[in-house]
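All remarks here apply to the structure that follows.
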Amino acid sequence: MDQHATTGGEEIADSTDCGHFFEGTEKLLEIWFARNNGGGNPGDLRSISRCEWVTLLKLVHCEIISSKQDADMIAYLLR
Numbered sequence: 153m154d155q156h157a158t159t160g161g162e163e164i165a166d167s168t169d170c171g172h173f174f175e176g177t178e179k180l181l182e183i184w185f186a187r188n189n190g191g192g193n194p195g196d197l198r199s200i201s202r203c204e205w206v207t208l209l210k211l212v213h214c215e216i217i218s219s220k221q222d223a224d225m226i227a228y229l230l231r
């Protein structure tokens, strides 16, 4: 049975009925950081190089498969 809902006059199909619906498995990777005494780094995680992230992620059998970056953030898609 195809279910539909409306919001603001627009009809929205139930996403579970869509043939292209995909919801990936989500995992939690929690990393705790501490400042080094005397370091000039203001605590910006963007100062950690991609190479350093790759090395860290290998420890938990994870890899960067895509990234997006702008002036305010760097986002990594992991697998």
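When we follow our numbering, the leftmost residue of the sequence shown carries the number 153, and every step to the right adds one.
Note that the Cβ used here is the ideal one computed from N, Cα and C, for glycine as well.
1) From what residue to what residue does the beta strand (DSSP E) around Leu208 run?
2) With distance defined between alpha-carbon atoms, name the residue in Arg187, Ile183, Gln221 nearest to Leu211.
3) So, using beta-carbon positions, are Ser219 and Leu208 closer together than 9 Å?
4) Report yes if the CB atom of Arg198 is closer than 9 Å to the CB atom of Ile226, and no otherwise.
5) Roughly how many angstroms lie between the CA atoms of Gly176 and Arg231, to the nearest whole one?
6) Classify Leu230 as helix, strand or coil using the three-state DSSP reduction.
7) Cα-Cα, which of Ala223, Ile200, Trp205 is closest to Leu181?
8) Going by the beta-carbon positions, is the gap between Arg202 and Gly195 smaller than 9 Å?
Let me lay it out:
1) Where Leu208 is concerned, there is no enclosing beta strand (DSSP E), although the alpha helix (DSSP H) it sits in stretches over 202-210.
2) Minimum Cα-Cα distance from Leu211 among the listed residues Arg187, Ile183, Gln221 corresponds to Ile183.
3) No.
4) A contact, by the Cβ cut-off of 9 Å.
5) Cα to Cα, the separation comes out at about 10 Å.
6) DSSP places Leu230 in strand when its eight states are reduced to three.
7) Looking only at Ala223, Ile200, Trp205, the smallest Cα-Cα distance to Leu181 is reached by Trp205.
8) Cβ atoms of Arg202 and Gly195: not closer than 9 Å.
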